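Number of protein chains: 2
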Amino acid sequence: MTDMNKQWLLKSRPHGEPTLDNFELVETAIPEPGEGEFLLKTIYMSLDPYMRGRMNDSKSYAVSAELGEPMSGGGIAVVVKSNNSRYNEGDYVVAMTKWQGYSVSNGEGVMKLNPELAPISTGVGVLGMPGITAYAGLLEIGKPKEGETVVVSAASGAVGSIVGQIAKIKGSRVVGVAGSAEKCAYVVDELGFDLCVNYKDPDFVEQLGKACPDGIDVYFENVGGTVFDAVFPLMNDFSRIPLCGRIANYNMTGDPEGPNKLPAFFGQMLVKRITLRGFISFDHYNLLPEFLRDMGSWVGSGQVKYKEDIVEGIENAPEAFLGLLKGKNFGKLLVQVSDDPTRK
Amino acid sequence: MTDMNKQWLLKSRPHGEPTLDNFELVETAIPEPGEGEFLLKTIYMSLDPYMRGRMNDSKSYAVSAELGEPMSGGGIAVVVKSNNSRYNEGDYVVAMTKWQGYSVSNGEGVMKLNPELAPISTGVGVLGMPGITAYAGLLEIGKPKEGETVVVSAASGAVGSIVGQIAKIKGSRVVGVAGSAEKCAYVVDELGFDLCVNYKDPDFVEQLGKACPDGIDVYFENVGGTVFDAVFPLMNDFSRIPLCGRIANYNMTGDPEGPNKLPAFFGQMLVKRITLRGFISFDHYNLLPEFLRDMGSWVGSGQVKYKEDIVEGIENAPEAFLGLLKGKNFGKLLVQVSDDPTRK
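Chains as they are written, first to last, in our numbering: chain E, 867 to 1210; chain C, 867 to 1210.
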């Protein structure tokens, strides 16, 4: 091999939108695999929106790319030299190859591909990370039911395109959101979504509302921004939002306490994989027998104590209520309206 | 009965904080129960923060109180006259008695109480709606594990006090947030929480951080506002937020697109019982065998299609990546770095 190793280094961290100046192309010697290692020649580099986060210095779910180091990322590669008995020359793999032509691996995080089963490029696509992202997010969190309405943003993208197709397989009605008429046509005509709305159309909000006459049961969130703002008011009771990405926010800078408070909140929800779920007690009245059994026994045994704040006389109800909203009560607030003959 | 029926009517709807002027006390004749109905004499009126929402004209999970009608709400009552064979004079019940001394019911939504088991007032407290709210929200959504840190706001309140005690029974470490030193002392000394922080202390944020050295696994959200802002950065990976109430926001008015965007978002999340859950694909790699089986078969059968957007040459990677963030790609974005010998 008289070749060199072309590498794209992270030269500087972007403020807001990244530019070409943030990257630097260098050529270095092709590395030599050590004991137990093997040399990979990159065939396909995968480019994914999550990589924007790796350009920042802030903590995220993955370590940031270091300045002066190759940009992080996965790819499809072939083993060209091996000191590892489990990987042979000519093996095709998915690996964290980074943005470079050659890389050395010890096998950690590497998965072999069978080129007979599917094109090897699908190992970073429909049969790889974007595929399982769509599959897990939709089925584990979105849980679409037959006849429900599923909305997918970035509908023609690597993840969104698969989300919508799985939702169709599960019998849902699927509405895509994409950024051009051409993408929308592809999503409907080729992928079989029921409808697709172009978020760049001036009447996008109206179009989306018409596309979802029964509201939205699952919104697979890839983009954030104005698309989220249009989707959210249409969400149905008991709907689910798998929060996969917020491309529209990735280049956001500025004060997270100002208008960016909601995007910053979503960023943390995603990175920390937090579950936020609104609930109302009466939805859970199926638990009443269990609740009365447990709580009755806990109250009886003194394991659960309670305090009542009893205001005398119905005349005083409004004042007591206003105080409740300010936290002036101390314990469960009650108004005694008439005598309690059972109280000793 | 020479008594009259004292009723608190909703006289006007509040803008922001309610005032005494929003209510009007009237006296009317005690109503007569019709066929199959019975007359209830209110003993205890329950006052709960959710009632603030009923004063608005906007749609919520329950119908608003009508202007000129008694304020809505539950209470404990005794049957004083009955034309219904299932309810006898002297029976104690929980019912939607509204803010009034007497009410007529046909039995819908009424639950009988046994005064031998517990004080009847607990029927709107620890053994009633606040109790099951705490029980369901904590156990079904919060799912606290032994040794995890559970934070409860409005910790001395009707719901919060029970949440914390159940979390202790389940073996969690429990930190309360309350609005006075006296409430905090009660929560720790009487209810057995591990710690309690007063949100009115100037160094509340620091105190909360120190109280949660291992972060927060479950935050039972009752209040919103500055308490939420202090709690949220401490949330751990995979943490859960049962969204029960946002007392601090109930009197909020103004533009939901401005600084109120986040509170407005939370309001909708609650009212519609929406689940929002951040996720990252590699947390779900346990699904890999299922995923490869399903997706392999769907791709093979043509039920799932995919599109690749292949950019030639590693030199073009940064430009392609910048385009990806703007949605310029069409399909899964790949950079071809070297030949793919498997591609025909």
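For glycine and all other residues, C-beta sits at the position ideal for the given N, C-alpha and C. These figures come from a predicted structure and were not determined experimentally.
Query: So which residues of chain E does TYR1116 (chain C) contact, with C-beta pairs closer than 9 Å?; Result: LEU1191
Query: Using the beta-carbon of each residue, which ones in chain C are nearer than 7 Å to ASP1103 (chain E)?; Result: LYS1138, ARG1139
Query: Is TYR1085 (chain C) helix, strand or coil by DSSP?; Result: strand
Query: Under 8 Å: do the segment 1152-1160 of chain E and the segment 1179-1191 of chain E share three or more Cβ pairs, one atom per stretch?; Result: no
Query: Residues in its own chain within less than 6 Å of TYR1085 (chain C) by CB, not counting five upstream and five downstream?; Result: VAL1017, VAL1097, ILE1107
Query: So for ALA931 (chain C), helix, strand or coil by DSSP?; Result: coil
Query: Compare the Cα-Cα distances from LEU1100 (chain C) to each of C:LYS1036, C:ASP1080, C:GLY956 and report the closest residue.; Result: C:ASP1080
Query: Measuring only between beta-carbons, confirm whether MET1135 (chain E) sits less than 7 Å from chain C.; Result: yes
Query: Determine the chain C residues that contact SER1027 (chain E) at a beta-carbon separation under 9 Å, and present them in chain order.; Result: VAL1170, LYS1171, TYR1172, LYS1173, GLY1197, LYS1198
Query: Kindly indicate if chain E contains any beta-carbon less than 7 Å away from that of GLY1003 (chain C).; Result: yes
Query: Going along the chain, which residues of its own chain have a beta-carbon closer than 8 Å to the beta-carbon of MET867 (chain E), five neighbours each way excluded?; Result: Bear in mind that the predicted position of MET867 (chain E) carries a pLDDT of just 47, short of 50, making it too unreliable to give a figure here.
Query: What beta strand (DSSP E) runs, 3 residues minimum, are completely inside the segment 890-954 of chain C?; Result: 904-912, 941-948
Query: Indicate whether LYS1034 (chain C) and VAL1025 (chain C) have their beta-carbon atoms separated by less than 7 Å.; Result: no
Query: With VAL1089 (chain C) and GLN1073 (chain C) assumed to form a contact (beta carbons below 8 Å), what rounded beta-carbon distance in angstroms separates them?; Result: Not a contact, Cβ separation roughly 16 Å.
Query: Please list the partners that TYR910 (chain E) has in chain C, where partner means a Cβ-to-Cβ separation under 8 Å.; Result: ILE1176, LEU1200, VAL1201, GLN1202, VAL1203, ASP1206
Query: Once you ignore the five residues that flank GLY967 (chain E) on each side, which residues in its own chain have a CB closer than 6 Å to its CB?; Result: ASN871, LYS872, THR908
Query: Are LEU1109 (chain E) and LEU1128 (chain E) closer than 7 Å when you measure CB to CB?; Result: no
Query: Identify the contact partners of ARG918 (chain E) in chain C, using a Cβ-Cβ distance below 7 Å as the criterion.; Result: LEU1191
Query: Taking all protein chains shown into account, do 16 or more other C-beta atoms lie within 10 angstroms of the C-beta of LEU993 (chain C), making it buried, or fewer, making it exposed?; Result: buried
Query: Closer than 7 Å, CB to CB, is ASP1007 (chain C) near chain E or not?; Result: Correcting the residue type first, residue 1007 (chain C) is Ile in the shown sequence and not Asp. Yes, because at least one Cβ of chain E sits closer than 7 Å to the Cβ of ILE1007 (chain C).
Query: Distance, Cα to Cα, ASP1206 (chain E) vs ASP1175 (chain E)?; Result: 15 Å
Query: Roughly how many whole angstroms lie between the Cα atoms of VAL1170 (chain C) and SER924 (chain E)?; Result: 36 Å
Query: With contact counted as at least three CB pairs below 8 Å, one residue from each stretch, are the segment 1131-1148 of chain C and the segment 1136-1154 of chain E in contact?; Result: yes
Query: With a threshold of 8 Å, are at least 3 pairs of Cβ atoms found where one atom belongs to the segment 948-962 of chain C and the other to the segment 977-994 of chain C?; Result: yes
Query: Give the single residue among E:ASP887, E:ASN1115, E:ASP1083 whose Cα lies nearest to the Cα of PHE1104 (chain E).; Result: E:ASP1083
Query: Using the three-state DSSP reduction, which class does LYS1034 (chain C) fall into: helix, strand or coil?; Result: helix
Query: Can you give me, in chain order, the residues of the segment 1043-1057 of chain C that have a beta carbon less than 9 Å from any beta carbon in chain E?; Result: ALA1044, GLY1045, SER1046, GLU1048, LYS1049, TYR1052, GLU1056, LEU1057
Query: Can you give the Cα-Cα distance for ALA1021 (chain E) and GLY919 (chain C), rounded to whole angstroms?; Result: 37 Å
Query: Which residues in chain E sit within 8 Å of SER1022 (chain C), going by Cβ to Cβ distance?; Result: LYS1173, PHE1196, GLY1197
Query: Spell out whether any CB of chain E is found under 7 Å from the CB atom of GLN1031 (chain C).; Result: yes
Query: Along the chain, where does the alpha helix (DSSP H) containing ARG1159 (chain E) start, and where does it finish?; Result: 1154-1167
Query: Spell out whether any CB of chain C is found under 7 Å from the CB atom of MET867 (chain E).; Result: At MET867 (chain E), the pLDDT of 47 sits below 50, so the modelled position is not reliable and the matter cannot be decided from this model.
Query: DSSP on LEU862 (chain E), reduced to helix/strand/coil?; Result: Examination of residue 862 (chain E) is not possible in this model, given that chain E is present from 867 through 1210 alone.
Query: Considering only C-alpha positions, which residue in the set C:PRO899, C:GLU932, C:LEU983, C:ILE998 is nearest to THR1156 (chain E)?; Result: Before going on, a small fix: residue 1156 (chain E) reads as Glu here, not Thr. Of the listed residues, the one whose Cα sits closest to GLU1156 (chain E) is C:ILE998.
Query: Buried or exposed, going by whether 16 or more other CB atoms sit within 10 Å of the CB of GLY882 (chain E)?; Result: exposed
Query: Do you know offhand how far GLU1178 (chain E)'s Cα is from PRO936 (chain C)'s?; Result: 19 Å
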